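Below is one structure; the comments refer to it alone.
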Amino acid sequence: MSQKLSERLKSLVGGPGCGSRRQTKSRDDAQTALRTCPDCEKTFIVDEMERCPDCGVVVEETPTERDLGLL
Ligand SMILES: [Zn+2]
Numbered sequence: 070m071s072q073k074l075s076e077r078l079k080s081l082v083g084g085p086g087c088g089s090r091r092q093t094k095s096r097d098d099a100q101t102a103l104r105t106c107p108d109c110e111k112t113f114i115v116d117e118m119e120r121c122p123d124c125g126v127v128v129e130e131t132p133t134e135r136d137l138g139l140l
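With the working numbering as the guide, the letters of the sequence shown map in order to residues 70 to 140.
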C-alpha cells in the first residue's frame, strides 16, 4: 500500500550511486581562526577578535587541526 510512496521518496532523496558530491572548497585559504572564551567556554570562528562579546574576557586563540598539521 505504501510502496508507491516509498518509491517516490527514494527518487526524491536520490538513491545510492547518485552523483558525486564535489564541493570545491574555495575558502580554503581564508584565515579563519578559532577563538575560545575561557570564561563562558564558547568558541568563535572569527578572523580577528580580542575579547568575548558576551563577557569581555580576552579570548584564547585555538589552533585548528590544520594548524596542528593534522590536515
Ligand atoms: Zn565569554
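Virtual Cβ for every residue (Gly too), placed ideally from N, Cα, C. Quick caveat: nothing in here was measured; it's all calculated off a predicted structure.
Alpha carbon of residue i to alpha carbon of residue j, nearest angstrom
i: residue 123; j: residue 108; result: 10 Å
i: residue 140; j: residue 134; result: 6 Å
i: residue 77; j: residue 112; result: 41 Å
i: residue 110; j: residue 119; result: 15 Å
i: residue 130; j: residue 82; result: 40 Å
Three-state secondary structure (DSSP) of residue i
i: residue 103; result: strand
i: residue 77; result: helix
Nearest residue (CA-CA) to residue i, options the options
i: residue 106; options: 133, 127, 73; result: 127
i: residue 132; options: 74, 79, 78, 116; result: 116
i: residue 137; options: 118, 102, 110, 121; result: 102
Local Cβ density within 10 Å of residue i, reported as buried at 16 or more and exposed below that
i: residue 104; result: buried
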